[in-house]
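Novice: Following this message is one structure expressed as structure tokens.
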Amino acid sequence: DAGITQSPRYKITETGRQVTLMCHQTWSHSYMFWYRQDLGHGLRLIYYSAAADITDKGEVPDGYVVSRSKTENFPLTLESATRSQTSVYFCASSDGGGSSYEQYFGPGTRLTVT
Amino acid sequence: RKEVEQDPGPFNVPEGATVAFNCTYSNSASQSFFWYRQDCRKEPKLLMSVYSSGNEDGRFTAQLNRASQYISLLIRDSKLSDSATYLCVWMDSSYKLIFGSGTRLLVRP
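Here the protein sequences line up with chains R and D, keeping their order.
Be aware that the first sequence starts at 41, since it is given in the working numbering, and climbs by one per residue.
Be aware that the second sequence starts at 7, since it is given in the working numbering, and climbs by one per residue.
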């Protein structure tokens, strides 16, 4: 299916476990982003990528790792999950510059760390 | 100070009402501004971009005031389907979006 998808949509894990959230887009957009959304904070950028093999930290990168070996995929890994990482995670993609700055968001992954 | 400040609301208005939201930003170098809409437990979606000259899209009007560093969103003739959270957003030079916490709108019958 075309668009941007995330998996899993819901995840419950235990403190200390490694968790990987997947993001896949079919538009060949250059830019991809990971956000977390918590009550009272809005969306905060975790990591972003301008192209394959190029990634950079956002506002709240600690405890997360990303990779981007292919343009269409941008997985986010929590190396050792903590309760403070309980959140809704959104992946987004964008053409970046040019005529379209719009970011298209995936449906989100609701992660609970117990 | 947050980079983007919004009144969280909720704004509770009757159908047909006109409602306006303001949002202030702290970075005077900000160039691009947007309003995103987010329905409950859903992903954000672009509502409209905000241009210096102001812009209108149907019942929605967005304006930018650089001198006072705020942007606004006006919704005329509110519909029940307008109930959502409206996110004020600006873009930095690296195409990263900076989001406000959102203003919640409830339109009642």
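Glycine included, every Cβ here is placed at the ideal spot set by N, Cα and C.
Mind checking which residues open and close the beta strand (DSSP E) that includes D:Arg110?
Specialist: Taking the second sequence and counting its residues from 1, one reaches residue 110 of chain D at position 104. Unbroken beta strand (DSSP E) run through D:Arg110: Thr109 to Arg114.
Novice: Exposed or buried, D:Ser32, counting other C-beta atoms within 10 Å across all chains shown (16 or more means buried)?
Specialist: Here residue 32 of chain D corresponds to residue number 26 of the second sequence, with the count starting at 1. Exposed is the call here.
Novice: Which partner residues of D:Asp83 appear in the DSSP bridge assignment?
Specialist: Taking the second sequence and counting its residues from 1, one reaches residue 83 of chain D at position 77. Paired residue(s): none; D:Asp83 is not in a bridge.
Novice: CA-CA distance, R:Ala92 and D:Arg47?
Specialist: Position 52 of the first sequence holds residue 92 of chain R. Position 41 of the second sequence holds residue 47 of chain D. Cα to Cα, R:Ala92 sits roughly 30 Å from D:Arg47.
Novice: Near D:Ser107, what residues of its chain come up, given a Cβ to Cβ distance below 7 Å and the 5 sequence neighbours on each side ignored?
Specialist: Indexing the second sequence from 1 puts residue 107 of chain D at position 101. Once the five neighbours on either side are set aside, the close Cβ partners of D:Ser107 are Gln12 and Pro14.
Novice: If you draw a straight line from the C-alpha of D:Tyr4 to the C-alpha of D:Trp41, how long is it?
Specialist: Lying before the first or after the last residue shown, residue 4 of chain D is absent from chain D, which here runs from 7 to 115.
Novice: What are the residues in the region 81 to 98 of chain R lying within 9 Å of chain D by C-beta distance?
Specialist: Under the 9 Å Cβ criterion, the region 81 to 98 of chain R contributes His81, Gly82, Leu83, Arg84, Leu85, Tyr88, Ala90, Asp96 and Gly98.
Novice: Can you tell me which of D:Arg72, D:Asp98, D:Ser87 and D:Glu9 puts its alpha carbon nearest to the alpha carbon of D:Arg110?
Specialist: Taking the first residue of the second sequence as position 1, residue 110 of chain D is located at position 104. When each option's Cα is compared against that of D:Arg110, the closest is D:Ser87.
Novice: Checking 8 Å against the spacing of the C-beta atoms, do D:Pro50 and D:Leu93 come in under that value?
Specialist: Translated into positions along the second sequence, residue 50 of chain D becomes position 44. Translated into positions along the second sequence, residue 93 of chain D becomes position 87. Result yes, Cβ atoms of D:Pro50 and D:Leu93 sit closer than 8 Å.
Novice: Please check if any C-beta of chain D sits within less than 8 Å of the C-beta of R:Ser134.
Specialist: Working through the first sequence from its first residue, we reach residue 134 of chain R at position 94. R:Ser134 counts as touching chain D.
Novice: I believe R:Thr126 touches R:Val153 by the beta-carbon criterion, under 8 Å. Please report the beta-carbon distance rounded to the nearest angstrom.
Specialist: Locating residue 126 of chain R in the first sequence gives position 86, counting from the first residue. Locating residue 153 of chain R in the first sequence gives position 113, counting from the first residue. With 8 Å as the limit, R:Thr126 and R:Val153 qualify as a contact, their Cβ atoms being about 5 Å apart.
Novice: What residues are listed by DSSP as bridge partners for D:Phe17?
Specialist: On the second sequence, position 11 is the one that residue 17 of chain D refers to. According to DSSP, which records beta bridges pairwise, D:Phe17 is partnered with D:Leu111.
Novice: Give a yes or no on whether the C-beta atoms belonging to D:Tyr101 and R:Ser134 are separated by under 8 Å.
Specialist: Counting from 1 along the second sequence, the entry for residue 101 of chain D is found at position 95. Counting from 1 along the first sequence, the entry for residue 134 of chain R is found at position 94. For D:Tyr101 and R:Ser134, yes; Cβs fall inside 8 Å.
Novice: Just to confirm my understanding: we take D:Pro20, look at its own chain, exclude 5 residues before and 5 after, and list those with CB closer than 8 Å. What are they?
Specialist: Indexing the second sequence from 1 puts residue 20 of chain D at position 14. Here the set comprises Ser84, Val113, Arg114 and Pro115.
Novice: Hey, could you find the ends of the beta strand (DSSP E) D:Ser38 is sitting in?
Specialist: Position 32 of the second sequence holds residue 38 of chain D. Element bounds for D:Ser38: Ser38 to Gln44.
Novice: So the beta strand (DSSP E) R:Lys51 belongs to, where does it begin and stop?
Specialist: Here the question's residue 51 of chain R lines up with position 11 in the first sequence. Segment Tyr50 to Thr53, the beta strand (DSSP E) holding R:Lys51.
Novice: Indicate whether D:Arg65 and D:Leu53 have their beta-carbon atoms separated by less than 8 Å.
Specialist: One-based indexing of the second sequence puts residue 65 of chain D at position 59. One-based indexing of the second sequence puts residue 53 of chain D at position 47. The answer is no: Cβ separation not under 8 Å.
Novice: Report yes if the CB atom of R:Trp74 is closer than 8 Å to the CB atom of R:Tyr141, and no otherwise.
Specialist: Residue numbering aside, residue 74 of chain R sits at position 34 when the first sequence is read from its first letter. Residue numbering aside, residue 141 of chain R sits at position 101 when the first sequence is read from its first letter. Against a cut-off of 8 Å, the Cβ pair of R:Tyr141 and R:Trp74 comes out as no contact.
Novice: Would a C-beta distance cut-off of 8 Å place R:Gln46 and R:Cys131 closer than the cut-off?
Specialist: Within the first sequence, numbered from 1, the residue matching residue 46 of chain R stands at position 6. Within the first sequence, numbered from 1, the residue matching residue 131 of chain R stands at position 91. Against a cut-off of 8 Å, the Cβ pair of R:Cys131 and R:Gln46 comes out as a contact.
Novice: Between D:Glu49 and chain R, is any beta-carbon pair separated by less than 8 Å?
Specialist: Residue numbering aside, residue 49 of chain D sits at position 43 when the second sequence is read from its first letter. Answer yes: the Cβ-Cβ gap between D:Glu49 and chain R drops below 8 Å somewhere.
Novice: Just how far apart, CA to CA, sit D:Arg72 and D:Cys29?
Specialist: As a first step, residue 72 of chain D is located in the second sequence; it is residue number 66 there, counting from the start. As a first step, residue 29 of chain D is located in the second sequence; it is residue number 23 there, counting from the start. In a straight line, the C-alpha of D:Arg72 is about 12 Å away from that of D:Cys29.
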